[in-house]
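Q: UniProt numbering puts the sequence shown at residues 1 to 183. Using N, Cα and C, we set each Cβ at its ideal position, and we do this for glycine too. Got a structure for you, written out below as structure tokens; questions coming shortly.
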Amino acid sequence: MTSTDTDLDAVRIRRAGADDAAALALAGAATFLETFAGILDGPDIVAHCRNQHAAALYQDWLADPQGAAWLAETALGAAPVGYALIAPPKLPLADLAEDDLELKRIYLLSRFHGGGVGRELMRHAVEESHRRGARRLLLGVYAGNARALAFYARNGFRPVGERRFQVGANTYQDAILALELKA
């Protein structure tokens, strides 16, 4: 395991394996709830987490050789606190190419924001995307999440599109961002 310069070395980041699906699902659901409680309806959040953060979904992503994930864990006790996951893109862009990758998720509990953990997770995702020869790394982010948008801008991502997404009975707007990896 590699220790990073994060949160006084309280967090370690490692490549996630097939047996990490439950940890990724837990961190994903906890982070989604923490981020959107009070913004989205509670029953919608619960249903979303049940479907979009099910361990089986993560098992499928981890089993796909075109995907990769990194798990951030506390150094003491290895509790999951965040992760990053890349996979082939499924975004509504007219210029989507075979050599694009999507940062499907980069989630981190707010207690660990500002200590470099997010930056380190992003570094792993970008380095792996470069290694795979990706033209660009794409992502979708809730258009109302100013903190996330600022983080992505600091990491070189620029707007390239929009999409709508459903959580429960409500529709929301995502910004689609891209980081150009090839000139």
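DSSP three-state label for P80, please.
A: P80: strand per DSSP, three-state reduction.
Q: Note down, in chain order, each residue of its chain lying with its Cβ closer than 8 Å to the Cβ of A18, except the 5 sequence neighbours on either side.
A: Excluding sequence neighbours, A18 sits near Q59, L62, A63.
Q: Compare the C-alpha of G168 against each of D44, T35, G77 and name the closest.
A: Nearest C-alpha to G168: D44.
Q: The beta strand (DSSP E) spanning D100 covers which residue range?
A: Here the beta strand (DSSP E) through D100 covers 100-108.
Q: What residue from L71, G67, A55 has the CA that sits closest to E120's CA?
A: Cα-wise, what sits closest to E120 is L71.
Q: With DSSP run on the structure shown, which of helix, strand or coil describes L121?
A: It is helical.
Q: Taking 7 Å as the limit between beta carbons, can you name the residues of its chain near Q173, skipping five residues before and five after?
A: Result list for Q173: A143, E162, R164, in chain order.
Q: For A79, which residues of its own chain have a beta-carbon under 7 Å away from its beta-carbon, when the five flanking residues on both sides are left out?
A: If we look at A79 and ignore the five residues flanking it on each side, its Cβ neighbours are E73.
Q: Are at least three pairs of beta-carbons, each pair with one atom in the stretch 84-100 and one in the stretch 132-148, less than 8 Å apart?
A: Yes: at least three Cβ pairs fall under 8 Å.
Q: Can you have a look at T4 and say buried or exposed, based on whether 16 or more other CB atoms are within 10 angstroms of its CB?
A: Because T4 sits at a pLDDT of 42, beneath the cut-off of 50, its placement in the model cannot be relied upon, and the following sentence gives the value as read from the coordinates. Flag for T4 reads buried.
Q: So R50 is in the alpha helix (DSSP H); what residue range does that whole segment cover?
A: Note, R50: alpha helix (DSSP H), 42-52.
Q: Based on Cα-Cα distance, which residue from I86, G114, F112 lies nearest to K104?
A: Ranking I86, G114, F112 by Cα distance to K104 puts I86 first.
Q: Compute the Euclidean distance between the alpha carbons of A68 and M122, then round it to the nearest angstrom.
A: Taking the straight line from one Cα to the other gives about 12 Å.
Q: Is it true that the CB of A55 sits closer than 7 Å to the CB of A22?
A: In this structure, A55 lies closer than 7 Å to A22 by Cβ.
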